[in-house]
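K.L.:
Residue numbers (this note's numbering): 19 to 1240. My questions will all concern the structure given below.
Next up, the structure:
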């Protein structure tokens, strides 16, 4: 009895789960996994984020941010000098702060009283073209003269803030697939984006320098910062608990000292490092010397530098920590804007706490880390360690969407609080009347006066991607943070959530170093999936298994754990810097250890974290940098912070799963396949050899057989395919959607095809492809389509276009919002009853003035009608496109509360697009081409079994491109079709010993075909057998969205520019194609003068003009009315053209000639003949269209209109142009 074979396509299972999505789970759980960083980073803003607490108290980033904002102080100036209330007459002291902020899930406004479902869901925001947002409120507190007994507060509304879909504040949170479908979403919906004005927008991942880690830099630009600066520096990006950061740079100066640089409100400041070291713990010179040298007295290079450092500080005459703090406070008081009653010392303390190594709380920790930075700087200088590469993923982390969002909210709240303080200070200054701090109404009035609408600012940020920030948030760019999550097709959509950008600043750099693919990126960034062209290498995509840590880890017990296993604590005084290396945890020095001990500690930590012992978290990154000559600065660096890239590998020592970070991977030995493991050297092995590729690169079948650029092209083209953008099409409102009518599941697909729900959104069609040079219509990558396959629906698609009709934007709308003057509908001037006199619009519109669904519209047909109350007439909105469209959906859009009359419509039109000659197709191997001919089936070649190809492709497409993967796919597809198998096309499965051709050849042989996939074929025209066997098989083809109907541009005559009278540009406006300067040069070089004249004048701005033969002027034409007969004055006939044209200048000269002659006789000089032209241009006789009949001196010439315009402009500047007619 034969056992039943397990189906490989899973069609029935998939159909079932599509019809009945799971009630308590997700159809494809892995989809929720890869947007986790987006959603969890947004959830981290709230106290109820649902994330583990780590070492903190579980407060959200917004609460931590408010703590960091602190309080603002203002005085009413009513105090008497010398009294208790204010020694210097400051008066009452009011301090203000924001106690808490809350963001609610999206709800229906309270004014709407009749809705039973009070929650708002994303589909409603999408379909109504509004934003998906929840109300934000802030509690503002104040106290006067430090009186905590009477705490006063008020709650201020901060507007509606956009909410991330499926986050902690979204109404879709934790819903199962079945519930999602009930809410008009797709069962696969995974969230991670915001909805702003109906568009899905997401904040893109950005690469930032790794937080709390010191890197050494050598940059020539540092030397240009000022006199005595050198190119050496060390830099550290320090992050606060609320994820905002400050970059501290320590510059080496050629006089031996060092300067610490930071920026405050986009202004840069530098402070001598000695000033900070002393201010931190009041260290003596001896103490500083001991800490920096660390018993390495024989190293004269180091001791000399420290001596120079100490000497150079003598000129400041500051000896104690108190003096240094006083000095700092005195210098920075002007900038920081702190309360007036703070003394200089308090300001100095605040500055160091706020701007220097902000990730550390304790001054002693800051001191140790600064000393470490100094030692690393001197080591770089002496050449004992090298500069590190900031472009390497080893020194990078990710800016997560939620953290950026929180930083912006924090900054906006701080700004509003500052405005309240400034407003009160202004009122105190004006003192009319003097404000009363004890009057609650006054404070309420001031708080309400200030703009607290944070929601509008956040919506603007998401809609434009522009960041308006007073501090710049320690980022290198101010725009380009957000992108539209286009649902062009499923591949395009999911790759948006995995894309990671280097930053807009790097896009303008002339050097290509930033774009290079570094070996350190293995397993974190995909080497294949990057666009070609301008963003190449800057816009990358995360590898499939790369995750970003978003959970706070509990690591406070690790220092004592390491100390118990041989690490010395940092406060023991006798540590020898030559024999010990530093141990750091998140940028805090937790101890010192000998290199051998440090290596053992790293090993122990790795075992503990994989085994789950001693509560060491799995996501702890253990970066052990061994000692080397001139290599990276050694140490044991532990990282437990968020926003790091980690990836899973298998730890060989115990066979458990281990997470590896980008910093530690550089010093590890990870085998790709189990066969490559070397005993005692290899520590880890990859789970799968394809894990280093992104999701999209993993979907290219047999990509290991292709030349690498072709795989890059396929990653781009997969995202431009006309596929299935969504299964909830009737709830989508995108401006343009492409939909393939007959999508199929590929016969040949990698294993991950089903994992990532590709079959839920089919993207192409299996086609029978013959490789043959047939008819010559397949030259240069063109392909011949079988006409009968086309008629059966091969590659047939539709485009959905949306049009919004808003009566508020029409002409004739009323100024006031209450009295509406425009209404949808038909007025009394339209005959609606059937019969001969019925108005033509009735075949398209219903009586409510809205289009009927399913109606076919041609260009110029009415799409909606509205009545204007003022004139009482009906006006129409007409369909403008050239190709016919079918009305698919009509949405009536109301206001937020739903209590106003209909004023806005959205009409979705379906435009059918069957493939035509010139449409672009491609296989999944970067083999793109256009359809050049739809060949009748009777004339197509056929095989012995009667099969005819759907597509014919030229054999010349293969040799130079080396896309062998496509040839293998053709064989595999043919075998799969014969046996009913879904073939596994995962890359790196075959090798030299185990060849693909043998595996699929055997299958073909079993089905009765030739082993190598070629067959004898017969000509469809003569019926004769071809001399050669033809390679024919099944390949999955994609139809791309580039269609000739969207691209062609044609113009005979059409609109012209009003100023130059030359054709306008632009396809939409029926404009021309610019024939520019270089094109003109080409025609001159070819000597094609008639063509040149035709392009540049006859077809552009041909015009005729009257020109005067005598003075050569184009712009002095005058007219005499000659209809009454010609006039003569003084018996002299005037020169006139046939219509009475004459030259004004020459006539004026003639009339003044006698006068001038008399004057000349009086003075005895020759009469001058008037002004001479500055510019003269010769016009050949061929351009003279005809001179005047009656011997006049005016001629008509053909010139470009722009030339006449130029002459007029030059005349306005006082330059005369003269035309010389030959």
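Ideal placement from N, C-alpha and C gives every residue a C-beta, glycine not left out. Everything numeric in this text was worked out from a predicted model, so none of it was measured.
#1: Can you tell me the Cα-Cα spacing of residue 1100 and residue 1121, whole angstroms?
#2: Where does residue 282 fall in DSSP's three states?
#3: Report the residue from 606, 613, 445, 561 whose alpha carbon sits nearest the alpha carbon of residue 584.
#4: Find out if the Cβ-Cβ distance for the pair residue 1038, residue 973 is shorter than 8 angstroms.
#5: Taking 7 angstroms as the limit between beta carbons, can you name the residues of its chain near residue 77, skipping five residues before and five after?
#6: Of the choices 706, 563, 656, 873, whose alpha-carbon is the least far from that of residue 54?
#7: Relative to the C-alpha of residue 1018, which candidate in 1009, 1006, 1031 has its C-alpha closest?
#8: Going by the CB atoms, is the gap between residue 254 and residue 288 shorter than 8 angstroms?
#9: In terms of residues, what are the limits of the beta strand (DSSP E) holding residue 669?
#10: Within 10 angstroms of the Cβ of residue 217, are there 16 or more other Cβ atoms? Answer buried if so, exposed if not.
#11: What does a CB cutoff of less than 8 angstroms around residue 478 pick up in its chain, not counting 5 residues either side in sequence?
#12: Whole beta strand (DSSP E) runs in the stretch 595-663 with 3 or more residues, listed along the chain?
#13: What would DSSP say about residue 907, mapped onto helix, strand or coil?
#14: Who pairs with residue 160 in a beta bridge, going by DSSP?
#15: By alpha-carbon positions, which one of 1086, 1083, 1110, 1081 ends up nearest to residue 1095?
#16: Whose C-alpha, out of 358, 743, 995, 1056, is nearest the C-alpha of residue 718?
#17: Taking the C-alpha atoms as reference points, what is the distance between residue 1148 and residue 1169?
#18: Alpha carbon to alpha carbon, how far is residue 924 from residue 944? Give it in angstroms, no decimals.
#19: Classify residue 982 as helix, strand or coil using the three-state DSSP reduction.
#20: Do the CB positions of residue 121 and residue 154 come within less than 8 angstroms of each other?
#21: Hey, is residue 694's beta-carbon within less than 8 angstroms of any beta-carbon in chain B?
#22: Going by C-alpha distance, which of 623, 566, 570 is nearest residue 579?
#23: Is residue 102 helix, strand or coil when you go by DSSP?
#24: What did DSSP end up calling residue 1000 once you bin it into helix, strand or coil?
#25: Using CA coordinates, which residue listed in 676, 667, 672 is at the minimum distance from residue 636?
#26: With a CB to CB cut of under 6 angstroms and the five nearest residues on each side skipped, what residues in its chain are close to residue 1226?
#27: What are the partner residues of residue 76, as DSSP defines its beta bridges?
#28: Which of the three DSSP states is assigned to residue 1149 in this structure?
#29: For residue 750, which beta-bridge partners are listed by DSSP?
#30: Looking at the secondary structure, which residues open and close the beta strand (DSSP E) in which residue 219 lies?
#31: Taking residue 6 as the reference, which of 605, 1029, 26, 894 has the closest Cα?
#32: Decide yes or no for the touch test of the stretch 538-549 against the stretch 693-712: beta carbon pairs closer than 8 angstroms, at least 3 of them.
#33: Considering only the beta carbon of each residue, do residue 339 and residue 365 sit closer than 8 angstroms?
#34: What three-state label does DSSP hand residue 1040 in the structure shown?
#35: Per DSSP, what kind of secondary structure is residue 894 in: helix, strand or coil?
#36: With C-beta atoms as the reference, is residue 556 less than 8 angstroms away from residue 516?
P.N.:
This is what the structure gives:
#1: Our two residues, residue 1100 and residue 1121, have alpha carbons roughly 25 angstroms apart in a direct line.
#2: Reduced to three states, the DSSP call for residue 282 is strand.
#3: Minimum Cα distance to residue 584 is reached at 613.
#4: No, Cβ-Cβ distance for residue 1038 and residue 973 is not below 8 angstroms.
#5: Here the set comprises 65.
#6: A check of alpha carbon separations from residue 54 across 706, 563, 656, 873 identifies 563 as the nearest.
#7: Taking the Cα of residue 1018 as reference, the smallest distance to any Cα among 1009, 1006, 1031 is reached at 1031.
#8: Cβ atoms of residue 288 and residue 254: not closer than 8 angstroms.
#9: Run containing residue 669: 663-669, per the beta strand (DSSP E) assignment.
#10: It counts as buried.
#11: Around residue 478, the same chain offers 484 as residues with beta carbons nearer than 8 angstroms, after the five sequence neighbours per side are excluded.
#12: Complete beta strand (DSSP E) runs here, min 3: 599-603, 606-611, 639-643, 653-657.
#13: The answer is strand: DSSP assigns residue 907 an E or B state.
#14: Beta bridge pairing from DSSP links residue 160 with 114, 170.
#15: Residue 1095 has its Cα closest to that of 1110, out of 1086, 1083, 1110, 1081.
#16: Cα-wise, what sits closest to residue 718 is 1056.
#17: Confidence at residue 1148 is low in this model, with a pLDDT of 45, below 50, so the placement of that residue should be treated as unreliable; the coordinate-derived value is given next. The straight-line gap from Cα to Cα measures roughly 10 angstroms.
#18: Approximately 38 angstroms, taken between the alpha carbons.
#19: In the structure shown, residue 982 sits in a helix (DSSP, three-state: H, G or I).
#20: Yes. Within cutoff.
#21: Going by chain labels, chain B is absent from the structure shown, which holds only one protein chain.
#22: Looking at the Cα atoms, 623 is the closest of the given residues.
#23: In this predicted model, residue 102 has a pLDDT of only 48, less than 50, meaning its place in the structure is not dependable; the value taken from the coordinates is given anyway. Residue 102 carries a coil assignment under DSSP once its states are collapsed to helix, strand and coil.
#24: Looking at residue 1000 - three-state DSSP - the assignment turns out to be coil, as it is neither helix nor strand.
#25: Of the candidates 676, 667, 672, 676 places its Cα closest to the Cα of residue 636.
#26: Sequence-distant Cβ neighbours of residue 1226 in its own chain, meaning closer than 6 angstroms and more than five residues away, are 1133.
#27: Partner(s): none; residue 76 has no beta bridge.
#28: In this prediction, residue 1149 scores a pLDDT of 40, lower than 50, which makes its location untrustworthy; no coordinate-derived value is stated.
#29: Beta-bridge pairing links residue 750 to no other residue.
#30: Counted as a single uninterrupted DSSP element, the beta strand (DSSP E) harbouring residue 219 occupies residues 217-221.
#31: Coverage of the chain is limited to positions 19 through 1240, which leaves residue 6 absent and any answer about it impossible.
#32: Segment contact: the stretch 538-549 against the stretch 693-712, three or more CB-CB distances shorter than 8 angstroms; contact assigned.
#33: Contact flag unset, no.
#34: Coil at residue 1040, not helix or strand.
#35: Three-state DSSP puts residue 894 in a strand.
#36: Taking 8 angstroms as the Cβ cut-off, residue 556 and residue 516 do not qualify as a contacting pair.
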